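Okay, structure first, notes after.
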């Protein structure tokens, strides 16, 4: 499967192995503070970092919109209705944020204000001990409820390969059953060659831990070693099936289709049209007036999918744009 990447890293390049330091792909400026600070640099968000003067206007507006949407979407849970300490604690993630047990978390302060008078918020020790244990209990119960369905509905094993922010290759294994999916395990493949036998041994271990009788198929990307290991697994375990990841296959198909001359020319025309529109606020506002506030640029995880989504959007609104 395709790695889970931030789409905005297409606009910047990490310096060394530290993603907290990045170089702008447009003006080559070195920016400290990670991808958010780089978005502020390219998106011309005042007061944070010097603005990039070389980025295209459509990219600038897009990243600025992402920052605004990200800020508005991080809402604090409304506790006025439940007034329940258990629900109150769910908005706090001190352990994840690395704060001490007595540290002051701004989320606590904001949540207390939203809760109103009469609500005494939990202290850091409660969140890190009592409520964290309750969360773990809830997760364990959820996982057991899914495992209980394995014999009835059977499972699909999903194998996902990607790289960490420090470039360590990782293989994740997830279990899908009856519209629910849980994380099973991961393998750090650093300094290991992903040969067919190596990948097959990993698949065998996962199948044995879940139970061969509870599994229908295993899904991986179309990488040669994954494909060969999947075929070997089918020969070894006769009732199991190997399937390539549909999303990965579609992405590869789009990449190949995009190399065709007629499609490549169409993509270039799409870019000229969108650049013309998004280089002027007046033209953008005029466009939205005719498209019912629908954006033409709708970024996807992969560049190839984005190009075809934009093409579809232009075709759907061809009459309005004329």
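In the UniProt record's numbering, the protein residues as written are 1 to 322. Every residue, glycine too, gets a C-beta built ideally from N, C-alpha and C. Everything numeric in this text was worked out from a predicted model, so none of it was measured.
For residue 160, the enclosing beta strand (DSSP E) begins and ends at 155-163. In this structure residue 278 is buried. Its beta-carbon is surrounded by 16 or more other beta-carbon atoms within 10 angstroms. Pairing residue 146 with residue 174, the inter-Cα distance amounts to about 12 Å. The C-alpha of residue 202 lies about 11 Å from the C-alpha of residue 189.
Contact between residue 58 and residue 297 holds: CB atoms are separated by about 6 Å, below the 8 Å threshold. Rounded to whole angstroms, the gap between the alpha carbons of residue 136 and residue 125 is 16 Å. In chain order, 36, 39, 40, 43, 45 place their CB closer than 8 Å to the CB of residue 67, counting only its own chain and leaving out the 5 sequence neighbours on each side. Ranked by Cα distance from residue 181, the first of 64, 294, 150, 32 is 150. As computed with DSSP, residue 186 is found in a beta bridge with 172. Here the C-alpha atom of residue 291 lies approximately 11 Å from the C-alpha atom of residue 322. Around residue 165, the same chain offers 19 as residues with beta carbons nearer than 7 Å, after the five sequence neighbours per side are excluded. Within its own chain, the residues whose Cβ lies closer than 8 Å to the Cβ of residue 233, once the five positions on either side in sequence are excluded, are 200, 203, 204, 207, 218, 240, 242, listed in chain order. Checking the DSSP bridge columns, you'll see residue 243 partnered with 219.
A Cβ-Cβ contact shorter than 8 Å links residue 163 with residue 170. The C-beta of residue 161 has 16 or more other C-beta atoms within 10 Å across all chains shown, which makes the residue buried.
Relative to the Cα of residue 50, the nearest Cα in the group 283, 158, 27 belongs to 27.
Cβ-Cβ separation between residue 155 and residue 221: approximately 19 Å, too far for a contact (criterion under 8 Å). The alpha-carbon separation between residue 248 and residue 54 amounts to approximately 33 Å.
When the five nearest sequence neighbours on each side are left out, the beta carbons in the same chain lying within less than 8 Å of the beta carbon of residue 13 are those of 22, 23, 25, in order along the chain.
Here residue 193 carries a coil assignment [DSSP, helix/strand/coil]. In the DSSP assignment, residue 181 is bridged to 176. Secondary structure note for residue 283: it is in no beta strand (DSSP E), and the uninterrupted alpha helix (DSSP H) holding it is 281-291. When the beta-carbon positions are compared, residue 258 and residue 212 stay at least 8 Å from each other. By the neighbour-count criterion, in which 16 or more other beta carbons inside 10 Å mark a residue as buried, residue 229 falls on the buried side.
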